[in-house]
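Asks: In UniProt numbering, the protein residues as written are 1 to 109.
In this text, a Cβ means the ideal position worked out from N, Cα and C, and glycines have one as well.
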Amino acid sequence: MNITDTRNGISVPSLSSVFVDDRTPEQKKTHCVAVVGTDSFMSYWGHARNGLSYAGWACTPDDLNAVESWVRSRSDMKRVRIVSLDGYRPSRATHTHIYVVDKNHPARS
Numbered sequence: 001m002n003i004t005d006t007r008n009g010i011s012v013p014s015l016s017s018v019f020v021d022d023r024t025p026e027q028k029k030t031h032c033v034a035v036v037g038t039d040s041f042m043s044y045w046g047h048a049r050n051g052l053s054y055a056g057w058a059c060t061p062d063d064l065n066a067v068e069s070w071v072r073s074r075s076d077m078k079r080v081r082i083v084s085l086d087g088y089r090p091s092r093a094t095h096t097h098i099y100v101v102d103k104n105h106p107a108r109s
């Protein structure tokens, strides 16, 4: 759900949306892009019981292709896309969780 300011048409996430970003302050500098998908399993359940759940995997630009392939291979991820995390706040999601791709992540094996 969004709240729209009718004076200037700005749409902002509603107060009920949840945004979780697992990156540390240092990782926010290095893991600046993410592969995000609509989580078909978690949507309309739990924190997203009233809407869509997005899952994203923050990574370095060097790991982007491998992470994208890994996310696209998951049957629970729909509408897979690449986003810049600089100010990223999806307007359609009720719940968004950004995970971190580290050296032990399966996409890097």
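1. Please tell me whether Asp39 and Ser17 are closer than 7 Å, where the distance is taken between their beta carbons.
2. Confirm, please, whether the CB-CB distance from Ser84 to Val20 is below 7 Å.
3. Looking at the unbroken alpha helix (DSSP H) that takes in Arg30, where does it start and where does it end?
4. Distance check for Val101 and Lys28, CA to CA, integer angstroms please.
5. Between which two residues does the beta strand (DSSP E) carrying Ser17 extend?
6. Can you name the start and end residues of the beta strand (DSSP E) that Arg79 belongs to?
7. Cβ atoms of Thr30 and Thr60: under 7 Å apart, would you say?
Replies: On the basis of the coordinates in this document:
1. no
2. no
3. According to the sequence displayed, residue 30 carries Thr and not Arg. First-last of the alpha helix (DSSP H) with Thr30: Gln27 to Thr30.
4. 12 Å
5. Neither: Ser17 is in no beta strand (DSSP E) and is coded neither H nor E.
6. Met77 to Ser84
7. yes
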